[in-house]
Amino acid sequence: MIKLIEVFKLPQRNQYTLREIYVNPKHVVALREEVGFKQKLVEGQLPDDLDSRQDFTRLTLDRGQSGLDVVVIGAPHIIENKIHGTNEKQLLTD
């Protein structure tokens, strides 16, 4: 499992907040840049403590017959490295 920070919309509000999520890397089927959230950041719809240079990625997770999309903090290549970093076996040496 990998830990990511999800950006999600509060129910019945036009505000977003952050929460930690844990994702099984084997269930990630797609990653794509989420440029719309950069605009939301500029417009002040996202939490104030986010850096203005922040990038966002939309993950599509396999959920059986349907997928689940979540938006997380980080550029696609950063998220990809986190995913592949947990799948690669490392050789231990003395």
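Here the sequence shown is numbered in our numbering, starting from 931 and rising by one per residue. We put the CB at the ideal spot given by N, CA and C, even for glycine. Being a predicted model, the structure only gives us computed values, none of them experimental.
Checklist entry - Over what stretch of residues does the alpha helix (DSSP H) that includes V972 continue unbroken? => result Looking at the DSSP string, the run of the alpha helix (DSSP H) that includes V972 is G966 to V972.
Item to check | Runs of beta strand (DSSP E) wholly within the region 983-1015 (minimum 3 residues, chain order) | outcome: Runs of the beta strand (DSSP E) inside the region 983-1015: 986-993 and 996-1003.
Next on the checklist: So, for T947: in the same chain, excluding its five sequence neighbours on each side, which residues have a beta-carbon less than 7 Å away from its beta-carbon?
Outcome noted: Excluding residues within five positions, the ones whose Cβ falls inside 7 Å are F938, L940 and P977.
Checklist entry - Which same chain residues, not among the five before or five after K970, have their C-beta less than 6 Å away from its C-beta? => result The residues are L976.
Next on the checklist: Suppose the cutoff is 7 Å on Cβ atoms and the five residues either side in sequence are ignored; what does the same chain contact list for I935 look like?
Outcome noted: Excluding five sequence positions before and after I935, the CB atoms of its chain that fall closer than 7 Å to its own CB belong to L948, E950, V1002 and I1003, given in chain order.
Item to check | Reference S982; option with closest CA among L998, R962, R943 and F967 | outcome: Considering only alpha carbons, the answer is F967.
Next on the checklist: Report the CB separation of L961 from L989 in whole angstroms; it is logged as a contact under 8 Å.
Outcome noted: Rounded, the Cβ-Cβ distance is 6 Å, consistent with contact.
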